[in-house]
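**Q**
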Amino acid sequence: MSIKKPEEFLRNAVVDIAENMIIAAKTAPKGRGTERLCYLLITGNELKIISHKMEEISKENNVAFFGRDAGNLLKADALVLIGASYNPRNVQLCTHCGFSCDNKPDDAPCAITMVDLGIAIGSAVSMAAHFHVDNRVMYSVGLAAIQLGLFPKEIKSAYGIPLSVSSKNIFFDRT
Numbered sequence: 026m027s028i029k030k031p032e033e034f035l036r037n038a039v040v041d042i043a044e045n046m047i048i049a050a051k052t053a054p055k056g057r058g059t060e061r062l063c064y065l066l067i068t069g070n071e072l073k074i075i076s077h078k079m080e081e082i083s084k085e086n087n088v089a090f091f092g093r094d095a096g097n098l099l100k101a102d103a104l105v106l107i108g109a110s111y112n113p114r115n116v117q118l119c120t121h122c123g124f125s126c127d128n129k130p131d132d133a134p135c136a137i138t139m140v141d142l143g144i145a146i147g148s149a150v151s152m153a154a155h156f157h158v159d160n161r162v163m164y165s166v167g168l169a170a171i172q173l174g175l176f177p178k179e180i181k182s183a184y185g186i187p188l189s190v191s192s193k194n195i196f197f198d199r200t
């Protein structure tokens, strides 16, 4: 008979669930069936690097929630990042972003891709919820990842989903 203690398998289990979250996000419906999203799984020391960048952003811009989120990230077991490009879909008569696809400025996000991003994030967090893994969707983490150059250069918008398995949800009682 084999006996395992949670500390022997929890981190690996969280990484397995994070991989399944990315599968759920990747297979979520996309406008015109075209992939404009990018997915990353972060663990270990890279979590500290992203957290440090978030602290920098917090101090430089006087935005306290970046610092709060940085502290949460340090306590996380893993991180799923999902980012999107701003490239237009070339959908005829679409002006959801405020422009036609052929006149859309490069710095304006494609509304269809942003909807895809939201659906993918929803699919990912539903997988985490299915396994009762504590998580939060954080814009702050995504911005830090972009500024650190973790994504390909065409990715302009991203969100992070830190994951935690502990007796107390690290994402509650935040100030």
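Counting the sequence shown from 1 gives a position; our numbering is that position plus 25. For each residue, glycine too, the CB sits at the ideal point set by N, CA and C.
Please report how far the alpha carbon of Y164 lies from the alpha carbon of S27, in whole angstroms.
**A** Counting from one through the sequence shown, the residue named residue 164 turns up at place 139. Counting from one through the sequence shown, the residue named residue 27 turns up at place 2. Between Y164 and S27, the C-alpha separation is close to 42 angstroms.
**Q** Assuming contact is defined by CB atoms lying nearer than 8 angstroms, are V162 and Y184 in contact in what I supplied?
**A** Position 137 of the sequence shown, counted from the first residue, corresponds to residue 162. Position 159 of the sequence shown, counted from the first residue, corresponds to residue 184. Taking 8 angstroms as the Cβ cut-off, V162 and Y184 qualify as a contacting pair.
**Q** When you compare the CB positions of L224 and A89, do they come within less than 8 angstroms of one another, or not?
**A** No answer is possible for residue 224: it lies beyond the span of the chain, which begins at 26 and ends at 200.
**Q** Rounded C-beta distance between S110 and A50? I'm assuming under 8 angstroms.
**A** Position 85 of the sequence shown, counted from the start, is the residue given in the question as residue 110. Position 25 of the sequence shown, counted from the start, is the residue given in the question as residue 50. 15 angstroms between Cβ atoms; not a contact.
**Q** Cα-Cα, which of D131, C135 and N112 is closest to H121?
**A** Residue mapping note: residue 121 aligns to position 96 of the sequence shown, counting from 1. Residue C135 is the option with its Cα nearest to H121.
**Q** Let me know the beta strand (DSSP E) ranges lying completely inside the stretch 43-78, each 3 residues or longer, listed in chain order.
**A** For the stretch 43-78, whole beta strand (DSSP E) runs of length 3 or above, ordered along the chain, are 62-67.
**Q** Go ahead and pull the three-state DSSP assignment for K84.
**A** In the sequence shown, counting from the first residue as 1, residue 84 sits at position 59. If DSSP states are grouped into helix, strand and coil, K84 belongs with the helices.
**Q** Quick one: what's got a C-beta closer than 7 angstroms to A169's C-beta in the same chain, skipping five residues either side?
**A** Position 144 of the sequence shown, counting from 1, holds the residue named residue 169. Only I75, K78, M79 and I82 meet the Cβ criterion.
**Q** Three or more C-beta pairs closer than 8 angstroms, one from the stretch 184-195 and one from the stretch 138-155: is that the case here?
**A** With a cut-off of 8 angstroms, the stretch 138-155 and the stretch 184-195 count as touching, because enough Cβ pairs lie within range.
**Q** Comparing C-alpha positions only, which one of H155, P177, F176 and S191 sits nearest to R36?
**A** The residue labelled residue 36 in the question sits at position 11 within the sequence shown. Of the listed residues, the one whose Cα sits closest to R36 is S191.
**Q** Do L72 and I107 have their C-beta atoms within less than 8 angstroms of each other?
**A** Position 47 of the sequence shown holds residue 72. Position 82 of the sequence shown holds residue 107. Not in contact: L72 and I107 (Cβ atoms no closer than 8 angstroms).
**Q** With the cut-off set at 8 angstroms, would you say K100 and I195 are in Cβ contact?
**A** Position 75 of the sequence shown, counted from the first residue, corresponds to residue 100. Position 170 of the sequence shown, counted from the first residue, corresponds to residue 195. In contact: K100 and I195 (Cβ atoms closer than 8 angstroms).
**Q** Can you grab the Cα-Cα spacing for the pair F156 / L173, in whole Å?
**A** Taking the sequence shown and counting its residues from 1, the one referred to as residue 156 is at position 131. Taking the sequence shown and counting its residues from 1, the one referred to as residue 173 is at position 148. Distance between the alpha carbons of F156 and L173: 30 angstroms.
**Q** Would you kindly report the start and end of the unbroken beta strand (DSSP E) that includes V105?
**A** In the sequence shown, residue 105 corresponds to position 80, counting from 1. Segment A103 to S110, the beta strand (DSSP E) holding V105.
**Q** Enumerate in chain order the residues of its own chain whose CB-to-CB distance from G92 is below 8 angstroms, with the five nearest sequence positions on each side excluded.
**A** Working through the sequence shown from its first residue, we reach residue 92 at position 67. So the list reads M79, E80, S83 and K84, once near-sequence residues are dropped.
**Q** Measure the C-alpha to C-alpha separation of G58 and K30 and round it to an integer number of angstroms.
**A** Start at 1 with the first residue of the sequence shown, and residue 58 comes out as number 33. Start at 1 with the first residue of the sequence shown, and residue 30 comes out as number 5. Distance between the alpha carbons of G58 and K30 is about 43 angstroms.
**Q** State the beta-bridge partners of M163 as determined by DSSP.
**A** For the purposes of this step, residue 163 is identified with residue 138 of the sequence shown, where counting begins at 1. DSSP lists G185 as partners of M163.
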